[in-house]
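Adding 52 to a residue's 1-based position in the sequence shown gives its number in the working numbering.
The structure appears right after this line, and notes come after that.
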Amino acid sequence: MEHLSHKEKITIMIAIIGAMFFAAVNQTIVGNALPKIIAELGGLDYYSWVFTIYMLTSAITTILVGKLSDIYGRKPFLLLGIFIFIIGAFLSGLSTDIVQLITYRGIQGFGAGMIMSTALTAVGDLFAPRERGKWQGAMSAVFGISSVLGPTLGGYIVDNLEWKWVFWVFLPLGIIAAVLIWRLFPKVERKRGESVDFLGSIFLTLTIVPALLGFSWAGSKYDWGSEQILGLFTGAIIALIIFIFVERRAKSPILPLYLFKNSIFTISNTVGFAIGVAMFGGIMYVPYFVQGVLGFSATHSSFISMAMTLGLMFASAIGGQIISKTGKYKFQAIIGLIITTIGMFLLTTLDASVSQWTLIIYLVLIGLGIGVGMTVFTLTVQNAVEQRLLGVATATTQLFRSLGGTVGVAIMGTVLNNRMSDKMGESLQGISEQTANLPAEMQGKLQALQNPQLLLDHEKLNMIHNSLPEQIAPLFKEMVTLLQGALSFALSGVFMTAAFIMVAAVVLTLFLKEIPLRSAQEPKKEEEINKDKKALTKQTV
């Protein structure tokens, strides 16, 4: 589709970016609004499933649709994804209980997976490799904008309107995007001789679902060594072995295993997985520090976290432009990951005495690094595979990053809990002696302070403080200070773990082979680039 005029491409990309924003903002808008939604619908025990089901269905759809879009084209899956997402969003607003909400969020996830997979791949269809950088940067900025706008708007809606508008407010945007794509996006004929790999699809799903559930529940709902978690991981491994066996014999595999013989494809996805572990697993705990250690409100926390998002948006746009102008990406990837690593190490130095402005500087640094570095690895994959495999290759990068995020949350949660438990045991030894002679009622109230989650609930913390006699107030403050110190110590371990994983990502990127990005004005170099790709593939066999 590189033959389309520049104006046609721009118009199509505006529609695609609109569809991506529609899906992304509907994911982020729920976070701040969900507590009030749950308060009305009930079902607090199933709270996490509202997010988990969305993650599961979108992850499954992303990889499956990646291959199918290579056969049938991107347009039908973009339209189908928007249609399914609109239905899921509309029905979510009509939910009368938590089970309905979870079901409809699952439908949204199916639509989101289709949109995200085909939208990123469509950039590869529309533009030559050298032009893709600026558009990949623009798409990264979309996620940044949605992560800023979504939570803020969601909180405002539940405070001032009916909560159903959280799901309905952006429905017109989805409809407009669908109309534009339907009218403007070129239709592609189905590739002959390609069949749908149903068996591979089944076993890939049976690998992804239990693996994601296992990492989502490990360390929180169940212990890592529990029968439930071990059973899920065992099932995932068995399904993976069968999947590999099936794919080696499939005529048109859902995920061609020979792609992993290409070092660029393998290293890029491994780095993407590591980035997912470090960033999604580590950065999500920054609000814990802001609210629990520094004592700021959730609203104030969102404004501080916005600094990283703004840095990401700016760097994504600039980084994409640089790639498009130079045709080079490896040096930029290394620089971006190094900056991110430095920022993560700086977070390990935080304690209760740190200024919020210092924290903001660290987060801006991390955002700049992510924006410069993360844009690269979808481009490297798209540039290293044949055009006919563009969909499945792009979807694989998204899957690995999503899996990394899920694994990261589980790992960082375990690090946090273990370090918190150890530090609390040391810190509260002296306090226990001071509280031994207090009345049982006072001991019970002070005992409640040993739960670090309480630091995030400032209202409840103040209620406990106000209910205690004045003579116990100094002891209360001492316990809160010790708790903040323990949480800060635990979070330092989380950020340190994320930083070392980022170091591994930097080292892996050093081994990334670079194929210069082709420009639309340099068609004669196409054959030379194809030879480079074949040579790289042979080297990795």
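Just so you know, even glycine gets a beta-carbon here, dropped at the ideal spot from N, CA and C.
Only a predicted model underlies this, so the values are computations on that prediction, with no experimental measurement involved.
Report the three-state DSSP secondary structure of residue i (helix, strand or coil).
| i | result |
| --- | --- |
| Ala-270 | strand |
| Phe-312 | helix |
| Glu-579 | Here Glu-579 scores only 47 on pLDDT, less than 50, and its place in the model is too uncertain to base an answer on. |
| Thr-361 | helix |
| Thr-44 | Look at the range of the chain in this structure, 53 to 593, and you will see that residue 44 is not part of it. |
| Thr-114 | helix |
| Ile-89 | helix |
| Thr-148 | coil |
| Ala-587 | Only weak support exists for where Ala-587 lies, its pLDDT of 47 falling under 50; the coordinates are left without a value. |
| Glu-530 | helix |
| Leu-415 | helix |
| Asp-403 | coil |
| Pro-262 | helix |
| Thr-427 | coil |
| Arg-301 | coil |
| Ala-180 | coil |
| Arg-126 | coil |
| Phe-348 | coil |
| Trp-234 | helix |
| Leu-201 | helix |
| Val-323 | helix |
| Ser-57 | coil |
| Asp-211 | helix |
| Leu-569 | coil |
Just to confirm, is the Cβ distance from residue i to residue j under 7 Å?
| i | j | result |
| --- | --- | --- |
| Thr-427 | Gly-371 | yes |
| Val-329 | Thr-561 | no |
| Ala-445 | Ala-229 | no |
| Ile-412 | Ile-356 | yes |
| Phe-312 | Val-459 | no |
| Ser-315 | Thr-432 | no |
| Ala-369 | Ala-174 | no |
| Lys-475 | Phe-541 | yes |
| Gln-536 | Ala-404 | yes |
| Ala-538 | Met-464 | no |
| Phe-162 | Ala-76 | no |
| Ile-105 | Gly-158 | yes |
| Asp-122 | Gly-425 | no |
| Gly-226 | Pro-262 | no |
| Thr-113 | Ala-447 | no |
| Met-164 | Ser-110 | Sequence check: residue 164 is Ala here, not Met. Yes. |
| Ile-81 | Leu-223 | no |
| Met-107 | Gly-133 | no |
| Leu-265 | Leu-292 | no |
| Ala-550 | Ala-326 | no |
In angstroms, rounded to a whole number, what distance separates the CA positions of residue i and residue j?
| i | j | result |
| --- | --- | --- |
| Tyr-189 | Thr-257 | Per the sequence shown, residue 189 should be read as Gly rather than Tyr. Using only the alpha carbons, I get a separation of about 30 Å. |
| Leu-93 | Leu-86 | 10 Å |
| Lys-585 | Gly-344 | Confidence in Lys-585 is poor, its pLDDT being 48 and thus under 50, which makes the residue's placement unreliable; the coordinate value appears in the next sentence. Each residue's Cα considered, the two are about 50 Å apart. |
| Trp-276 | Asp-177 | 43 Å |
| Glu-183 | Ile-391 | 25 Å |
| Thr-63 | Leu-236 | 8 Å |
| Tyr-414 | Thr-400 | 11 Å |
| Ile-139 | Leu-307 | 29 Å |
| Lys-382 | Phe-429 | 9 Å |
| Val-117 | Met-360 | 32 Å |
| Arg-301 | Phe-317 | 21 Å |
| Gly-252 | Val-298 | 6 Å |
| Pro-203 | Glu-530 | 34 Å |
| Gln-373 | Tyr-208 | 35 Å |
| Leu-146 | Phe-74 | 19 Å |
| Lys-377 | Ser-454 | 30 Å |
| Phe-179 | Val-231 | 22 Å |
| Pro-305 | Ile-296 | 10 Å |
| Trp-526 | Gln-152 | Looking at the sequence shown, residue 526 is not Trp but Pro. Using only the alpha carbons, I get a separation of about 48 Å. |
| Trp-101 | Pro-568 | 44 Å |
| Ala-270 | Ala-462 | 6 Å |
| Ile-150 | Lys-303 | 43 Å |
| Lys-512 | Ser-349 | 13 Å |
| Gln-439 | Pro-181 | 11 Å |
| Thr-259 | Met-515 | 47 Å |
| Ile-386 | Ile-89 | 43 Å |
| Thr-410 | Ile-418 | 13 Å |
| Asn-469 | Ser-247 | 48 Å |
| Ile-254 | Ile-294 | 10 Å |
For the 8 Å Cβ check, are there 3 or more pairs between the region 157-177 and the region 120-140? yes
Any contact between the region 204-218 and the region 271-289? By contact I mean 3 or more CB pairs, one from each, below 8 Å. no
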